[in-house]
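**Q**
Protein chains: 2
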Amino acid sequence: MTRTQRKARADAMDVSEMALETLVGYNLKRAYVVLQNDYRAVMGDHGLSPRVFSALTFVVEMPNLTQSDLARRLGIERSGLVAIVDELEARGYLNRVAVPQDRRIQALAPTESGVQAYEAALALINEHEDRMLHMLNAEEREQLVHLLKKIREIGE
Amino acid sequence: MTRTQRKARADAMDVSEMALETLVGYNLKRAYVVLQNDYRAVMGDHGLSPRVFSALTFVVEMPNLTQSDLARRLGIERSGLVAIVDELEARGYLNRVAVPQDRRIQALAPTESGVQAYEAALALINEHEDRMLHMLNAEEREQLVHLLKKIREIGE
DNA sequence: CACAGATCGTTTAGTAGGTTAACAATTATC
DNA sequence: GATAATTGTTAACCTACTAAACGATCTGTG
Numbered sequence: 001m002t003r004t005q006r007k008a009r010a011d012a013m014d015v016s017e018m019a020l021e022t023l024v025g026y027n028l029k030r031a032y033v034v035l036q037n038d039y040r041a042v043m044g045d046h047g048l049s050p051r052v053f054s055a056l057t058f059v060v061e062m063p064n065l066t067q068s069d070l071a072r073r074l075g076i077e078r079s080g081l082v083a084i085v086d087e088l089e090a091r092g093y094l095n096r097v098a099v100p101q102d103r104r105i106q107a108l109a110p111t112e113s114g115v116q117a118y119e120a121a122l123a124l125i126n127e128h129e130d131r132m133l134h135m136l137n138a139e140e141r142e143q144l145v146h147l148l149k150k151i152r153e154i155g156e
Numbered sequence: 001m002t003r004t005q006r007k008a009r010a011d012a013m014d015v016s017e018m019a020l021e022t023l024v025g026y027n028l029k030r031a032y033v034v035l036q037n038d039y040r041a042v043m044g045d046h047g048l049s050p051r052v053f054s055a056l057t058f059v060v061e062m063p064n065l066t067q068s069d070l071a072r073r074l075g076i077e078r079s080g081l082v083a084i085v086d087e088l089e090a091r092g093y094l095n096r097v098a099v100p101q102d103r104r105i106q107a108l109a110p111t112e113s114g115v116q117a118y119e120a121a122l123a124l125i126n127e128h129e130d131r132m133l134h135m136l137n138a139e140e141r142e143q144l145v146h147l148l149k150k151i152r153e154i155g156e
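Chains as they are written, first to last, in UniProt numbering: chain A, 1 to 156; chain B, 1 to 156.
1. Could you tell me the distance, in whole angstroms, from the CA atom of B/Leu136 to the CA atom of B/Glu87?
2. Only counting runs of 4 or more residues, tell me where the alpha helix (DSSP H) segments fall wholly within the UniProt domain "HTH marR-type" (21 to 153) of chain B, in order along the chain.
3. Answer with buried or exposed for B/Gln101, where buried requires no fewer than 16 other C-beta atoms within 10 angstroms of its C-beta.
4. Give me the Cβ distance between B/Val34 and A/Ile154, rounded to the nearest whole Å; I'm assuming they're in contact under 8 Å.
5. Could you tell me whether any Cβ in chain B is nearer than 7 Å to the Cβ of A/Thr57?
6. One question on the structure: do B/Leu65 and B/Leu122 come within less than 7 Å of each other, judged by their Cβ atoms?
7. Are the beta-carbon atoms belonging to B/Ala90 and B/Leu81 less than 7 Å from one another?
8. To the nearest angstrom, report how far apart A/Glu61 and B/Ser16 are at their CA atoms.
9. Going by C-alpha to C-alpha distance, which of B/Ser79, B/Arg73, B/Met43, B/Ala117 sits closest to B/Ile127?
10. For B/Ala138, which residues in the same chain have their Cβ closer than 7 Å to its Cβ, ignoring the five residues on either side in sequence?
11. Relative to chain A, which residues along the segment 22 to 47 of chain B have a C-beta separation below 9 Å, given in chain order?
12. I'd like to know whether the C-beta of B/Glu139 is nearer than 7 Å to at least one C-beta of chain A.
13. Contact criterion: CB-CB distance below 7 Å. Does B/Val97 meet it with respect to chain A?
14. Within a Cβ cutoff of 6 Å, which residues of the same chain sit near A/Val59, ignoring the five residues on either side of it in sequence?
15. Establish whether the CB of A/Ala19 and some CB of chain B are separated by less than 7 Å.
16. Checking contacts by CB at 7 Å: is B/Leu108 closer than that to chain A?
17. Just to confirm before moving on: does the CB-CB distance between A/Ile76 and A/Val52 stay below 7 Å?
18. With a threshold of 16 other CB atoms inside 10 Å of the CB of B/Gly114, please say whether the residue is buried or exposed.
19. Classify B/Ala120: buried if its beta carbon has 16 or more other beta carbons within 10 angstroms, exposed otherwise.
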């Protein structure tokens, strides 16, 4: 649409006609905010934040990763991971274990309570997503995750 | 899966089997980061940020919104919008216009160069999305936006 | 009409979630 | 054995918000 054409029309455009509404990036951000708000409400002030939960998942499911490995898998910088690992260690959910073969690195080993906390958090998060996404049937939800993974793959 | 079952298996799990990978929230965030990184690269250091562009869209397409209106439509607090409107005004893309009927409010009126900047940015952004999302056909892309809108609707 | 209450834009202070650059310690490569 | 690369870490910085409070202004009720 040209500026002239716009001025020839009524002043206010219908929201659903705005180009903004067709942009994937804009809808992605808005949808993420909706989901994240409920996540925070469900997990509470002292619960695991999304990024800490995702780090804990890797530590539990792939024990003895290094911090550099983990940062790569999470798609963040090594320096940014330090605070996350600090929090998980302060909560008693993992230990930084020295590796004799390479004294630069410290393997991330989950504790018993780390594994339990992971499983408890995962149950809460699954409930949260099931409740939030009840308007999507199984096929739609699978399709959504599939499409999002395709976008993720570009960034590699 | 229980902890006992996990310990009975090999140490490291396949990434694609992790519950994390099936979560909508996690995939939403990761996909958003991928898209946003390219957005920043395309728009450059002095380009409009996503939030400023979305605000400009509303100002251009629905002239004379108030800041409270705009904040509601963007899903952010009034206080958070001030800096965004400040930037758009500093760039000369809009004016805060006094409204005689209600001296509390200032209508947001786009300028000529604001409209031009909007159209130029939109063209760049459409290019960016077309390039990033080339692996999705038209139907998939439409379906993705449709599903994201459904999630957005919960938060209202 | 008066006035209590809501609303508007704004400032200030705080938070979450990162990045970049530099560093010492250590390991790998030539 | 010198040079380069990697690891975890700190420090300083940035973006994108929120929450609370403010004066100015408007609205609804008695």
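Built from N, CA and C at the ideal position, the CB exists for glycine as well.
**A** Quick look at the numbers:
1. 35 Å
2. Correct list: 24 to 43, 50 to 61, 67 to 74, 78 to 90, 112 to 132.
3. exposed
4. 6 Å
5. yes
6. The answer is no: Cβ separation not under 7 Å.
7. Between B/Ala90 and B/Leu81, the gap from beta carbon to beta carbon reaches 7 Å or more.
8. When rounded, the distance between both Cα atoms is 11 Å.
9. Reading off the sequence, residue 127 of chain B comes out as Glu, not Ile. Checked all of B/Ser79, B/Arg73, B/Met43, B/Ala117; the closest Cα to B/Glu127 is B/Met43.
10. none
11. Thr22, Leu23, Val24, Gly25, Tyr26, Asn27, Leu28, Lys29, Arg30, Ala31, Tyr32, Val33, Val34, Leu35, Gln36, Asn37, Asp38, Tyr39
12. no
13. no
14. Leu94, Leu108, Pro110
15. For A/Ala19, the answer is yes, since a Cβ of chain B falls inside 7 Å of its Cβ.
16. B/Leu108 does not count as touching chain A.
17. no
18. buried
19. B/Ala120 counts as exposed, since fewer than 16 other C-beta atoms from the protein chains shown sit within 10 angstroms of its C-beta.
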